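What follows is a short report on a single structure.
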Amino acid sequence: MTDETVTDTSKAAAANGSGAVARRPSWDEYFCQVTRAVASRSTCSRKAVGAVLVKNRLILATGYNGAPAGLRHCDHTGGGDLLNGHCARSAHAEQNAVVQAARHGISIEGATLYCTNNPCVNCAKLLINAGVRRIVYMEVYPDQPAFDMLAEAGIALEQMPAPPPTT
Ligand SMILES: [Zn+2]
Ligand SMILES: [Zn+2]
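Mapping the sequence shown onto the numbering used here, position 41 (from 1) lands on 535, and the numbers just tick up by one.
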């Protein structure tokens with residue numbers, strides 16, 4: 495960003511009296527950015543996945559994929575810790591978000607789930623039964639049974655484009 499752009503933005507903010515930046519992210523964009531940050535904590539080298547449960551614009555719980563708390567991280571060097579081509583040690587990000595809410599006694603009924611990838615079929619089952627009503631994801635994980643099941647449950651499934659880098 496050039497100095498000129500900064501000046502223009504300041505003038506625009508001053509002109510409308512808001513004092514705010516000219517372009518704020520939407521709520522969906524904002525929570526997608528948070529979800530990216532959550533995914534950065536993943537301990538699985540195969541894929542970094544993040545999930546954030548939100549209700550009334552309040553973050554209820556977050557999760558990223560990784561081995562259960564306190565246990566050694568998965569190690570996929572040389573094809574280890576795999577089962578049928580999938581990571582055999584990690585709990586999924588969505589599972590960890592649901593579990594975090596359960597552990598702290600937080601109801602997620604009616605919540606929106608933000609996730610870096612659409613949920614797999616097993617996570618879809620959990621999310622349906624947890625009462626999640628809307629799912630916003632960024633990248634496609636090809637799992638047709640998951641798409642079918644979420645549609646059958648009447649859960650809104652929306653894809654957001656990847657947010658711009660924050661730096
Ligand atoms: Zn792994
Ligand atoms: Zn899953």
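Glycine included, C-beta positions come from ideal geometry on N, C-alpha and C.
All values derive from a computational prediction rather than experimental measurement.
Using a Cβ-Cβ cutoff of less than 6 angstroms, which residues in the same chain neighbour L644 once the five nearest sequence positions on both sides are dropped?
A618, L651
My understanding is that P562 touches A585, with C-beta atoms under 8 angstroms, so please give their C-beta distance in whole angstroms.
6 angstroms
So, for R628: in the same chain, excluding its five sequence neighbours on each side, which residues have a beta-carbon less than 6 angstroms away from its beta-carbon?
T606, A650
Based on Cα-Cα distance, which residue from A555, V615, C609 lies nearest to V593?
A555
Is any non-hydrogen atom of ligand 1 found closer than 8 angstroms to the C-beta of R517, if you look at the structure I gave you?
no
Buried versus exposed, by CB contacts within 10 Å (16 or more), D642
exposed
Mark T571 as exposed unless 16 or more other C-beta atoms lie within 10 angstroms of its C-beta, in which case mark it buried.
exposed
Report whether the distance from the Cβ of R583 to the nearest heavy atom of ligand 1 is below 8 angstroms.
yes
Say yes only if the C-beta of C617 is nearer than 8 angstroms to one or more non-hydrogen atoms of ligand 1, and no if none qualify.
no
When we look at the beta-carbon of D575 and count the other beta-carbons within 10 Å, is it buried (16 or more) or exposed?
buried
Could you compute how far the alpha carbon of S601 sits from the alpha carbon of I553?
12 angstroms
DSSP beta-bridge partners of T556:
V546
Using only the alpha-carbon positions, how far apart do M654 and R540 sit?
22 angstroms
Would the beta-carbon of C526 be found less than 8 angstroms away from any heavy atom of ligand 2?
no
If you measure between the beta carbons of P613 and A595, is that distance less than 9 angstroms?
no
Close Cβ partners of D662 (< 6 angstroms) along its chain, the five nearest in sequence each way excluded
Residue numbering for the chain in the displayed model covers 495 to 661; residue 662 lies beyond these limits and cannot be assessed.
Within 10 angstroms of the Cβ of S536, are there 16 or more other Cβ atoms? Answer buried if so, exposed if not.
buried
Verify whether the separation of the beta carbon atoms of V528 and Y608 is less than 9 angstroms.
yes
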